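Residue numbers (the working numbering): 68 to 146.
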């Protein structure tokens, strides 16, 4: 919560309402990653690479909790 309070002043001028919504969504993903002990940069780089070709009906697989399950199962099959 401290980071949200500290950043509030910086986020007052994101440019537009749409930019503010986009920042809120991105921040939500980053915070969810942190709570799940996922490196946010690793997660975002991976999903941005995969997003274009990923089937629309399976987008839920790219949410942080599902992404972590898929990553863990892939790591366990490789070991």
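Just so it is clear, CB atoms sit at the ideal spot from N, CA and C, and this is done for glycine as well.
If you're wondering where the values come from, they're calculated on a predicted model, not measured in any experiment.
Beta carbon of residue i nearer than 9 Å to that of residue j
i	j	result
residue 96	residue 119	no
residue 103	residue 117	no
residue 105	residue 135	yes
residue 99	residue 131	yes
Alpha-carbon to alpha-carbon, residue j and residue i
i	j	result
residue 107	residue 113	10 Å
Helix, strand or coil at residue i according to DSSP, with G and I counted as helix
i	result
residue 83	coil
residue 104	coil
residue 125	helix
residue 119	coil
Range covered by the alpha helix (DSSP H) that runs through residue i
i	result
residue 138	131–145
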